[in-house]
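A.B. asks: Supplied in structure tokens, the structure appears directly below.
Numbering (this note's numbering), first residue to last: 84 to 507.
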């Protein structure tokens, strides 16, 4: 591609986030005792009413694509980049986001993943393990005089992480999601695990094992959470707890490396304990041990060179695909209001989140030119979206750049500010 983004173009996109990101942040209300965020931003003179569809028969996320609740990883990643707008009103947001989730923690450590002022959505699902990482990022930016207040959250975070260890840990010490929706990658073929069967040959072909599969993404997110939590404990001189979580992280990383690495595909593959087979396909979630900076040097280099930077698989014209285009079930159909039969979501389209995570790792390990190239592709895609459609979408066709679903989508799209810094 080798296009460049001009300084005026970078300034234009940055100005967009400065103008519209504040509309995603709402004052404390109802169940949410601190500032909170929604993925949808205000546009066309209309405000975002958090929880405005709480009593609707069909939520707006399924009809208009508007997300009017606070979602776990959306809120975490939004707050991680919000400070890059350089708007004082968005500083310290990560602390409020984490405090909101922890305030709704049950005694057993269960925390809901989707919350609006008057309602808990997606009941039974656990908040994804990004709370510690989000709080750690906020801690590192905080003024020295304010760092001590972060220590008040350690016991609640310990309880939250122990929920995963008690309820989601299975064979080999690896972890599974409650279901594919809890994972957030809501049609991930690596969790649905499609099987090939002739008619009447296998009646189980439609039974998805998503609640049993040992998942590379969840296991990786948790290993990174454990390491961040250990760092917190070290700062606050909780040595016993620090040792416990460093050990848990070490054991988990070893299990990821030994049980999920796939030599043939040079990627990490989920494992189905029901039939005792790896789910051999290339999904972006198989990149997670690299994106979370856990992989061995050898495996990291192979994933980067043979998958992330490989145009046959993930690297497309408009960024990294969410599912390798080389896979037979890769799907980039647009979203429509006729069921979920051909909804592509995470089965091929480009999302900003995996691209931003990949750029972080590429920058760290010396792939500066490649990081700039992926950043350019994503920034160009977002700029074209604003020019052609006057909105940002949740995801884009990896080859045409056409927006596929969820207009007015802010959420982790704001991570584009990290990509802009890579290009400046």
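The beta-carbon is built from N, C-alpha and C at its ideal position, and this holds for glycine as well.
Classify residue 260 as helix, strand or coil using the three-state DSSP reduction.
C.D. replies: Reduced to three states, the DSSP call for residue 260 is coil.
A.B. asks: Could you check what DSSP says for residue 123 in three-state terms: helix, strand or coil?
C.D. replies: Residue state, collapsed to three classes: strand.
A.B. asks: Below 8 angstroms on the Cβ atoms is my guess for residue 152 versus residue 197; work out the distance and round it to an integer in Å.
C.D. replies: Confirmed, about 5 angstroms.
A.B. asks: Alpha carbons only, please: which of 131, 360, 297 and 342 is nearest the one belonging to residue 260?
C.D. replies: Of the candidates 131, 360, 297 and 342, the one whose C-alpha sits nearest the C-alpha of residue 260 is 297.
A.B. asks: Which class does residue 427 belong to by DSSP, given the choice of helix, strand or coil?
C.D. replies: In the structure shown, residue 427 sits in coil (DSSP, three-state: anything other than H, G, I, E or B).
A.B. asks: Round the Cβ separation of residue 465 and residue 478 to the nearest angstrom and send it over; I've been treating them as touching at under 8 angstroms.
C.D. replies: Incorrect: roughly 12 angstroms between the Cβ atoms, too far for contact.
A.B. asks: Going by DSSP in three states, residue 369 sits in which element: helix, strand or coil?
C.D. replies: Correct three-state label for residue 369: helix.
A.B. asks: Any chance the segment 451 to 466 sits against the segment 427 to 442, with 3 or more Cβ pairs inside 8 angstroms?
C.D. replies: Enough Cβ pairs lie closer than 8 angstroms, so yes.
A.B. asks: What is the C-beta distance between residue 157 and residue 117, in whole angstroms, given that I count them as a contact (C-beta under 8 angstroms)?
C.D. replies: With a Cβ gap of about 16 angstroms, residue 157 and residue 117 do not count as contacting.
A.B. asks: Considering residue 495, what are the terminal residues of the beta strand (DSSP E) in which it resides?
C.D. replies: Segment: none, residue 495 is in no beta strand (DSSP E) and carries neither H nor E.
A.B. asks: Quick check: the Cα distance between residue 512 and residue 277, rounded to an integer number of angstroms?
C.D. replies: A query on residue 512 cannot be resolved here, the shown segment of the chain reaching from 84 to 507 and no further.
A.B. asks: In its own chain, which residues sit with a C-beta less than 7 angstroms from the C-beta of residue 334, not counting the 5 before and 5 after it?
C.D. replies: So the list reads 256, once near-sequence residues are dropped.
A.B. asks: In the DSSP assignment, the alpha helix (DSSP H) including residue 486 goes from what residue to what residue?
C.D. replies: Element bounds for residue 486: not the alpha helix (DSSP H) but the beta strand (DSSP E), 486 to 488.
A.B. asks: Tell me the DSSP secondary structure of residue 129 in three-state form.
C.D. replies: Reduced to three states, the DSSP call for residue 129 is strand.
A.B. asks: By DSSP's criteria, residue 197 is part of a beta bridge. Which residues make up the other side?
C.D. replies: DSSP, once it has assigned bridges, lists 154 and 204 as partnering residue 197.
A.B. asks: Would you decide whether residue 122 is buried or exposed? Buried here means 16 or more other CB atoms lie within 10 Å of its CB.
C.D. replies: With 16 or more other Cβ atoms within 10 Å, it is buried.
A.B. asks: When DSSP labels each residue in this structure, what does residue 403 get in the three-state scheme?
C.D. replies: Residue state, collapsed to three classes: strand.
A.B. asks: Near residue 336, what residues of its chain come up, given a Cβ to Cβ distance below 6 angstroms and the 5 sequence neighbours on each side ignored?
C.D. replies: Closer than 6 angstroms at Cβ, skipping near neighbours: 306 and 377.
A.B. asks: Does the Cβ of residue 472 have 16 or more other Cβ atoms within 10 Å, making it buried, or fewer, making it exposed?
C.D. replies: Label assigned to residue 472: exposed.
A.B. asks: Where does residue 265 land, buried or exposed, given buried means 16+ other C-beta within 10 angstroms?
C.D. replies: Buried.
A.B. asks: For residue 309, is the classification buried or exposed, using 16 other Cβ atoms within 10 angstroms of its Cβ as the cut-off for buried?
C.D. replies: Counting Cβ neighbours within 10 Å, residue 309 comes out buried, since at least 16 surround it.
A.B. asks: Relative to the C-alpha of residue 221, which residue among 241, 271 and 176 is closest?
C.D. replies: For residue 221, the nearest C-alpha among the options comes from 176.
A.B. asks: Should the segment 92 to 106 be called in touch with the segment 497 to 504, which here means at least 3 C-beta pairs below 8 angstroms?
C.D. replies: Contact holds: three or more Cβ-Cβ distances are below 8 angstroms.
A.B. asks: Strictly by DSSP, which residues pair up with residue 479?
C.D. replies: Residue 479 is bridged to 433 and 486.
A.B. asks: Within the chosen definition, does the segment 362 to 377 reach the segment 389 to 406 through at least 3 CB pairs nearer than 8 angstroms?
C.D. replies: These segments touch.
A.B. asks: Using only alpha-carbon positions, find the residue among 204, 313 and 272 that is nearest to residue 427.
C.D. replies: Residue 272 is the option with its Cα nearest to residue 427.
A.B. asks: Confirm, please, whether the CB-CB distance from residue 374 to residue 312 is below 8 angstroms.
C.D. replies: The answer is no: Cβ separation not under 8 angstroms.
A.B. asks: Would the beta-carbon of residue 190 fall within 8 angstroms of that of residue 299?
C.D. replies: Contact: no.
A.B. asks: Would you call residue 431 buried or exposed, if buried means 16 or more other Cβ atoms sit within 10 Å of its Cβ?
C.D. replies: By the 10 Å Cβ count, residue 431 comes out buried.
A.B. asks: Quick check on DSSP: helix, strand or coil for residue 355?
C.D. replies: Note: residue 355 maps to strand in three-state DSSP.
A.B. asks: Within its chain, find whatever has a CB closer than 8 angstroms to the CB of residue 347; leave out the 5 residues flanking it on each side and keep chain order.
C.D. replies: Hits under 8 angstroms: 363.
A.B. asks: Hey, would you say residue 44 sits closer than 8 angstroms to residue 243, going by beta carbons?
C.D. replies: Coverage of the chain is limited to positions 84 through 507, which leaves residue 44 absent and any answer about it impossible.
A.B. asks: Starting from the Cα of residue 357, find the closest Cα among 269, 350 and 254 and give me that residue.
C.D. replies: Nearest option by C-alpha distance: 254.
A.B. asks: Under 8 angstroms, with one C-beta from each stretch per pair, do the segment 443 to 453 and the segment 379 to 395 reach the 3-pair mark?
C.D. replies: As far as the Cβ criterion goes, the segment 443 to 453 touches the segment 379 to 395, which means the pair count is three or higher.
A.B. asks: Alpha carbon to alpha carbon, what distance is there between residue 131 and residue 415?
C.D. replies: Rounded to the nearest angstrom, the two C-alpha atoms are 29 angstroms apart.
A.B. asks: So which of 247, 110 and 208 has the shortest CA-CA distance to residue 511?
C.D. replies: Not covered by the structure: residue 511. The range shown for the chain is 84 to 507.
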